Structure formats: C-alpha cells, structure tokens
Amino acid sequence: MEQRNGRRLILLPLPLQGHMNPMLELANILYFKGFSITIIHTSFNSLNPSTHPHFTYHLISDNLSESEAVEKDLLLLISHLNRKCYEPFRECFASLVSDASKEPVACLISDPVFDFTQSVAESLKIPRIMLRTGSASFTAVISAFPLLQGKGYIPKLDSRLGEPVTEFSPLRVKDLPVINSSDPERFFKLVHNLTYQTKASYGFIFNTFEDLEQHALATLRKEFHIPIFPIGPFHKCVPATTSTSRFLSQDWSCISWLNTQAQKSVIYVSFGSIATLDEAQFLEIAWGLANSKQPFLWVVRPGSISGSDWLEPLPSGFHETLNGRGHIVKWAPQKEVLAHQSVGVFWTHSGWNSTLESICEGVPMICTPFFGDQMLNARYASDVWEVGLHLENGLERGEIERAIRSLMMEKKGDQMRDRLSKIKEKANICLRQGGSSYQSLNDLVDHILSLESLALIKHD
Ligand code: UDP
13 MEQRNGRRLI LLPLPLQGHM NPMLELANIL YFKGFSITII HTSFNSLNPS
63 THPHFTYHLI SDNLSESEAV EKDLLLLISH LNRKCYEPFR ECFASLVSDA
113 SKEPVACLIS DPVFDFTQSV AESLKIPRIM LRTGSASFTA VISAFPLLQG
163 KGYIPKLDSR LGEPVTEFSP LRVKDLPVIN SSDPERFFKL VHNLTYQTKA
213 SYGFIFNTFE DLEQHALATL RKEFHIPIFP IGPFHKCVPA TTSTSRFLSQ
263 DWSCISWLNT QAQKSVIYVS FGSIATLDEA QFLEIAWGLA NSKQPFLWVV
313 RPGSISGSDW LEPLPSGFHE TLNGRGHIVK WAPQKEVLAH QSVGVFWTHS
363 GWNSTLESIC EGVPMICTPF FGDQMLNARY ASDVWEVGLH LENGLERGEI
413 ERAIRSLMME KKGDQMRDRL SKIKEKANIC LRQGGSSYQS LNDLVDHILS
463 LESLALIKHD
C-alpha cells in the first residue's frame with residue numbers, strides 16, 4: 013500500500029455485473045496507489061458498502077419504475093438509466109466536488125455507457141477519464157463504425173455474414189458487435205456517443221495488457237489523441253478477497269464439489285450475467301453435457317431460461333443419469349473456480365471479463381457468444397490467440413459433445429493449454445516491476461496527479 017496522496021477520485025460504475033466488477037477492481041488498484049475513493053452508485057443493483065469498507069459511497073436514486081427495473085431489452089434499460097440518473101448524479105457530483113472538508117477531487121472515472129458524465133464533469137471543470145470494460149479490440153472496432161457502415165458491413169445483411177472484414181482481420185461480418193433492441197437506432201446512438209465522448213475525455217483505462225492486444229492498442233493510440241492506459245488484468249493486481257461485488261450470492265458448494273474431482277477433468281459452464289437461453293437451447297446444453305460423460309459444473313442463473321424460474325425444463329430423471337457427474341449452481345465464485353486444479357475447460361459466452369479470467373488461469377475455452385462484443389471476443393479467442401473453440405453452428409447436443417471431447421481428450425486441448433501457459437506467463441510478467449501494465453499504472457497515477465493543472469489550462 014502506498015502513502016495517501018491527498019487526492020480523491022470519484023467513480024461511477026454502470027450497475028451491470030460485467031461493468032461493476034472491473035470498476036471495483038480498478039478502485040482497489042487506485043486505492044492501493046494512495047487515492048481516496050468515492051463511489052457513486054445507483055439504487056438499481058446497488059452496492060453493498062461492507063464489501064469494500066475502505067471506500068466512501070453515495071447512493072443516488074435512479075427512480076426506475078418496477079417495469080423499467082426488469083427491462084430485458086438491455087439498450088432500453090441503459091437508456092432508462094441514462095435518462096433517470098443524469099439529474100441525481102449531477103447533484104451528487106456537484107456537492108462532492110464542492111465539499112471542502114474532504115481531499116480535492118482529482119478526477120471522475122466513469123463508465124462511458126453513462127452518456128452524461130462528460131458534460132457534467134466539464135460543467136464542473138473536473139477532468140474525466142473513462143474505464144472501458146470491454147477489450148481494446150472491441151473499442152477499435154466500434155470506433156470504426158462510420159467506416160464499417162460506409163462499406164455496407166453494418167447493418168449486417170444475412171447474405172454477407174460470412175464475409176471477412178478485411179480492415180479487422182480475422183473478423184467476419186457476423187462477428188461485428190451489435191446489440192439488438194426494439195429500436196435498432198439505439199445501438200448506433202450508443203456507439204456514436206462512446207466515440208464522441210472518448211475524444212473529449214482525459215484518457216482511457218483498459219482491463220487488458222500490451223502483449224495480448226498490442227495491435228488494437230496501437231490502432232487506438234493512432235485514432236484518439238488521448239492517453240491510453242492498459243493496466244490489466246485487473247483481478248491479478250489486487251488481493252482476490254477485496255476485488256468484486258455481486259448481485260447474486262456465490263454458491264461455494266462448487267469448490268467442495270470440485271475438490272472431489274480429478275485434475276483438469278471438469279468443464280465449467282457459465283454464460284455470464286445477462287445472456288438468456290430458450291428452453292430448446294437449454295436442453296441441448298444439458299444433454300450435450302450429460303452425453304459427454306465428463307464431470308461439469310454449470311451456472312444456471314435464475315430467470316436465464318425464458319419462461320422458467322430455474323431448472324424446471326430439465327426432464328425428470330436427468331440428474332440420475334449423471335451419476336454425480338454434474339453440479340448445478342445459481343452463481344459461482346468464478347475466479348476461484350477457474351483457478352481450481354480440477355477445471356479443464358471453460359464453456360463461456362465470451363464476455364470480456366470471463367475471457368480474461370480464463371486466459372489468466374490458462375483454461376481453454378469453448379465459446380458460445382450471444383451478443384455485443386462477445387462474438388468478437390470469441391473470434392479472437394479461437395482465431396487470434398488460438399485458445400478457444402468457437403461453437404459457430406448453434407447449440408446442438410452432438411456438436412457440444414464433440415467440442416467437449418476434443419478439448420478434454422484430444423491434442424487440440426493440450427495445444428491450447430501450451431499456448432495459454434505462454435500468455436499466462438506474459439500476463440504475470442506485465443504486472444511485475446518493469447512490466448507494461450505496471451508501468452502503465454504508474455503513468456496513470458502521474459497523469460491523474462497532473463490533471464489539475466491540465467484542466468485549468470483546458471477550461472481557461
Ligand atoms: N461471474 C461470477 N460468477 C458466475 C458467473 C460470472 O462471478 O457464476 C463473474 C465473472 O467472473 C465475470 C463477470 O461475472 O467477472 C461476468 O462478466 P463478463 O464480462 O464475462 O460477462 P457479462 O456478465 O457482462 O455478460
């Protein structure tokens with residue numbers, strides 16, 4: 013822990029699990045670097061302050077109606093949050109900035125999906141830095157959306173889905189990030205705002221590292237003339253117990269269950285905090301896992317199968333056919349699971365956090381992306397880093413069984429493990445003294461401490 017430096021940072025995370033985790037990890041990293049941390053959080057998916065008692069918290073009321081708070085259309089939910097959090101955030105932020113009893117605020121670190129933070133920060137003459145919770149490659153691609161739209165890749169036409177996107181090899185049209193919504197324009201508006209806001213901000217922080225995404229980071233440095241700080245993997249920078257906050261409670265029974273399994277024998281299955289399945293897909297997964305005859309640990313989030321509360325669609329007798337080979341939970345301590353010696357393969361939806369966590373533990377992936385950046389992450393895992401097998405033809409039990417067997421029992425899995433052990437080593441090295449993320453974090457701290465004078469020059 014470094015000496016307190018007399019400066020406060022205000023952080024505004026987006027209240028979704030995959031955005032909240034890296035923001036809290038970043039908060040811990042910067043706390044250990046000497047900053048005081050104040051977190052503004054929303055009543056929707058609010059945080060539990062006792063998990064990080066060394067931070068100060070301010071809860072803002074988002075006033076989401078009951079129906080808005082359970083909105084399944086992700087972009088519509090984000091649009092409600094943006095509309096309803098603007099004013100409460102502005103008031104809260106202004107009062108924190110003017111509070112002379114606390115250390116001066118050095119900057120705001122916000123999730124750029126909150127589209128009002130740049131204008132609020134500017135109006136109060138406080139510099140703003142963005143935390144991008146996705147990969148650098150994803151940011152490079154969405155920054156090029158005008159070009160991709162000009163070339164006719166977007167909106168995606170069925171007839172062009174298999175076509176290579178030559179500007180972003182090895183991506184194909186079908187891998188380009190899109191989130192469906194009742195109003196298709198919402199996604200393009202979000203992407204446009206992200207790019208526009210980037211240009212006005214004082215820097216970008218990424219949960220990635222140079223050796224993993226060198227090319228994309230170089231592209232971003234050329235495109236945006238703001239400092240870029242790849243300081244990840246975040247979760248390896250801070251002690252595990254202080255790193256995350258959860259909206260669902262973790263079921264630790266899976267660790268005791270994993271303790272009874274043979275080394276590298278278990279397939280861990282989780283599709284993150286948002287993706288949903290229909291009943292037919294759920295059953296294909298269940299039978300694919302059962303037929304593979306491999307032990308599996310499966311996270312089935314309540315409500316993630318349309319029309320069901322939890323496991324109701326499983327046929328009676330399913331559990332008996334497994335002979336103790338399967339363990340199903342509602343939410344797992346994923347980082348601990350991936351680090352467990354019994355886990356041999358991670359079947360993932362290819363969210364960025366999950367991808368990075370798997371890479372850092374050297375676990376090969378089966379990739380079933382659902383939406384947004386997941387298709388791009390899956391393509392990188394399979395075709396660039398060659399550490400994942402991309403299930404591209406939908407969910408079918410025979411194909412699932414073959415994929416599991418090929419990674420568990422054939423050379424392909426071992427080859428991926430060899431490649432992963434090299435990447436894992438690079439991830440460890442980059443965090444050590446002299447490593448790229450270590451250096452980038454020191455640069456970020458210096459940058460934040462120099463912002464006061466920069467902000468005065470910019471606003472004068
Ligand atoms: N996670 C977890 N337990 C689970 C499933 C997921 O702790 O049972 C965590 C996982 O470690 C990751 C985050 O939830 O940090 C999911 O983020 P990701 O970007 O992978 O996907 P998203 O949920 O945003 O789709």
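Note that the numbering used here numbers the sequence shown so that position 63 is 75, with each residue one more than the last. Where is the CB? At the ideal position from N, CA and C, for every residue including glycine. Note that the coordinates shown come from a computational prediction; the quantities given were computed from them, not determined experimentally.
Can you grab the Cα-Cα spacing for the pair Gly374 / Glu348, in whole Å?
-> Sequence index remark: in the sequence shown, residue 374 carries index 362 (1-based). Sequence index remark: in the sequence shown, residue 348 carries index 336 (1-based). If I take the Cα positions, the gap works out to 13 Å.
Same chain, Cβ closer than 8 Å to Arg258, neighbours up to 5 away in sequence not counted = Here residue 258 refers to the residue found at position 246 when the sequence shown is read from its first residue. Counting only Cβ-Cβ distances below 8 Å, and skipping sequence neighbours, we find Gln29, Trp343.
So, does the CB of Met387 fall closer than 8 Å to a CB anywhere in chain C?
-> Of the protein chains in the structure, only one exists, and it is not chain C.
Cβ-Cβ separation, Ala118 to Leu21 (assumed contact under 8 Å), whole Å | Here residue 21 refers to the residue found at position 9 of the sequence shown. Here residue 118 refers to the residue found at position 106 of the sequence shown. That belief holds up - the Cβ atoms of Leu21 and Ala118 are roughly 6 Å apart, short of 8 Å.
Using DSSP with H/G/I as helix, E/B as strand and the rest coil, what is Leu323?
-> Taking the first residue of the sequence shown as position 1, residue 323 is located at position 311. DSSP, read as helix, strand or coil, puts Leu323 in coil.
Should Ala292 be labelled buried (16 or more other beta-carbon atoms within 10 Å of its own) or exposed?
-> Residue numbering aside, residue 292 sits at position 280 when the sequence shown is read from its first letter. It counts as exposed.
When you compare each of Asp127, Glu222, Ile191, Tyr165 to Glu179 by their alpha carbons, which one comes out closest?
-> Your numbering for residue 179 matches position 167 in the sequence shown. When only C-alpha atoms are compared, the closest one is Tyr165.
Hey, could you find the ends of the beta strand (DSSP E) Phe308 is sitting in?
-> Taking the first residue of the sequence shown as position 1, residue 308 is located at position 296. 308 to 311 is the extent of the beta strand (DSSP E) around Phe308.
Nearest to Asn405 (by Cα), restricted to the options Pro25, Gly174, Gln226, Ile267 | Taking the sequence shown and counting its residues from 1, the one referred to as residue 405 is at position 393. When only C-alpha atoms are compared, the closest one is Gly174.
As assigned by DSSP and simplified to three states, the class of Leu169 | In the sequence shown, the residue the question calls residue 169 occupies position 157. For Leu169, the secondary structure class from DSSP, reduced to helix, strand or coil, is coil.
Can the beta-carbon of Gly284 be found less than 8 Å from the beta-carbon of Gly363?
-> Counted from its first residue, the sequence shown places residue 284 at position 272. Counted from its first residue, the sequence shown places residue 363 at position 351. The answer is yes: Cβ separation under 8 Å.
Going straight from the alpha carbon of Gly319 to that of Asp385, what length do you get?
-> Residue mapping note: residue 319 aligns to position 307 of the sequence shown, counting from 1. Residue mapping note: residue 385 aligns to position 373 of the sequence shown, counting from 1. A straight line joining the alpha-carbon of Gly319 with that of Asp385 spans about 26 Å.
Close beta carbons around Thr333, own chain, < 7 Å, minus the five adjacent residues each side | Here residue 333 refers to the residue found at position 321 when the sequence shown is read from its first residue. Excluding its 5 nearest sequence neighbours in each direction, Thr333 has C-beta neighbours in its own chain below 7 Å: Ala302, listed in chain order.
Between which two residues does the beta strand (DSSP E) containing Trp359 stretch?
-> Residue numbering aside, residue 359 sits at position 347 when the sequence shown is read from its first letter. DSSP places Trp359 in the uninterrupted beta strand (DSSP E) bounded by 355 to 360.
Is Thr50 closer than 8 Å to His70 when the C-beta atoms are compared?
-> Here residue 70 refers to the residue found at position 58 when the sequence shown is read from its first residue. Here residue 50 refers to the residue found at position 38 when the sequence shown is read from its first residue. It is a contact, given that the beta carbons lie within the stated cut-off.
Cβ-based neighbour list, Lys234, same chain, cut-off 7 Å, excluding 5 preceding and 5 following | Position 222 of the sequence shown, counted from the first residue, corresponds to residue 234. If we look at Lys234 and ignore the five residues flanking it on each side, it has no Cβ neighbours.
His339 Cβ short of 7 Å to the ligand UDP heavy atom set | Indexing the sequence shown from 1 puts residue 339 at position 327. Not so, every heavy atom of the ligand UDP lies at least 7 Å from the Cβ.
Quick one: is Thr4 buried, meaning 16 or more other Cβ sit within 10 Å of its Cβ, or exposed?
-> Given that the chain is displayed from residue 13 to residue 472, the structure contains no residue 4 and the question cannot be resolved.
With burial defined as no fewer than 16 other Cβ atoms inside 10 Å of the residue's Cβ, what is the status of Met13: buried or exposed?
-> As a working mapping, residue 13 is identified with position 1 in the sequence shown. It is exposed - the Cβ of Met13 has fewer than 16 other Cβ atoms within 10 Å.
The region 128 to 144 in contact with the region 90 to 109 per 3-pair CB rule at 8 Å = Using a Cβ-Cβ distance cut-off of 8 Å, the region 128 to 144 and the region 90 to 109 are in contact, since at least three pairs of beta carbons, one from each stretch, lie closer than that value.
Does the ligand UDP have a heavy atom nearer than 7 Å to the CB of Trp343?
-> In the sequence shown, the residue the question calls residue 343 occupies position 331. Checking the 7 Å criterion, the Cβ of Trp343 is within range of a heavy atom belonging to the ligand UDP.
Looking at the unbroken beta strand (DSSP E) that takes in Tyr69, where does it start and where does it end?
-> What you label residue 69 is simply residue 57 of the sequence shown in a count that begins at 1. From DSSP, the beta strand (DSSP E) with Tyr69 extends over 68 to 72.
Would the C-beta of Glu369 count as close to the ligand UDP, meaning under 7 Å from any of its heavy atoms?
-> Reading the sequence shown from its first residue, position 357 is the one you call residue 369. Indeed, a heavy atom of the ligand UDP lies less than 7 Å from the Cβ.
Note down, in chain order, each residue of its chain lying with its Cβ closer than 6 Å to the Cβ of Leu388, except the 5 sequence neighbours on either side.
-> Against the sequence shown, residue 388 aligns to sequence position 376. So the list reads Phe150, Asp187, Pro189, once near-sequence residues are dropped.
Tell me whether Gly300 sits in a helix, a strand or coil according to DSSP, three-state version.
-> Along the sequence shown, read from residue 1 onward, the residue named residue 300 stands at position 288. Secondary structure at Gly300: helix, using DSSP grouped into helix, strand and coil.
Under 7 Å from any heavy atom of the ligand UDP, does the C-beta of Ile286 make it?
-> On the sequence shown, residue 286 is found 274 positions in, with the first residue counted as 1. Taking the Cβ of Ile286 as the reference point, at least one heavy atom of the ligand UDP falls within a distance shorter than 7 Å.
Using 7 Å as the cut-off, classify the Cβ of Trp364 as near or not near the heavy atoms of the ligand UDP, replying yes or no.
-> As a position in the sequence shown, residue 364 is number 352, starting the count at 1. Yes - the ligand UDP has a heavy atom lying nearer than 7 Å to the Cβ of Trp364.
Enumerate in chain order the residues of its own chain whose CB-to-CB distance from Trp322 is below 6 Å, with the five nearest sequence positions on each side excluded.
-> Numbered from 1 along the sequence shown, position 310 holds the residue referred to as residue 322. Result list for Trp322: Pro314, in chain order.
To the nearest angstrom, how far is it from the Cα of Thr380 to the Cα of Met421?
-> For the purposes of this step, residue 380 is identified with residue 368 of the sequence shown, where counting begins at 1. For the purposes of this step, residue 421 is identified with residue 409 of the sequence shown, where counting begins at 1. Thr380 and Met421: Cα-Cα distance of roughly 20 Å.
Cβ neighbours of Glu115 in the same chain (closer than 8 Å, five flanking residues each side left out) = Here the question's residue 115 lines up with position 103 in the sequence shown. Same-chain partners within the cutoff: Gly18, Arg19, Arg20, Ser48.
What three-state label does DSSP hand Phe218 in the structure shown?
-> Working through the sequence shown from its first residue, we reach residue 218 at position 206. Looking at Phe218 - three-state DSSP - the assignment turns out to be strand.
What separation, rounded to the nearest whole angstrom, lies between the Cα atoms of His402 and Gly410?
-> Within the sequence shown, numbered from 1, the residue matching residue 402 stands at position 390. Within the sequence shown, numbered from 1, the residue matching residue 410 stands at position 398. Using only the alpha carbons, I get a separation of about 15 Å.
Exposed or buried, what is Trp310 when buried is set at 16 or more other beta-carbons lying within 10 Å of its beta-carbon?
-> As a position in the sequence shown, residue 310 is number 298, starting the count at 1. Counting Cβ neighbours within 10 Å, Trp310 comes out buried, since at least 16 surround it.
Alpha carbon of Leu241 to alpha carbon of Ser328, nearest angstrom | Along the sequence shown, one-based indexing puts residue 241 at 229. Along the sequence shown, one-based indexing puts residue 328 at 316. In the sequence as presented, Leu is not what sits at residue 241; that position holds Phe. For Phe241 and Ser328, the distance between alpha carbons rounds to 52 Å.
Name the two residues that bound the continuous alpha helix (DSSP H) containing Phe105.
-> Working through the sequence shown from its first residue, we reach residue 105 at position 93. For Phe105, the uninterrupted alpha helix (DSSP H) segment begins and ends at 86 to 109.
Buried/exposed call for Pro124, threshold 16 Cβ in 10 Å = Translated into positions along the sequence shown, residue 124 becomes position 112. Answer is buried; the Cβ neighbour count reaches 16.
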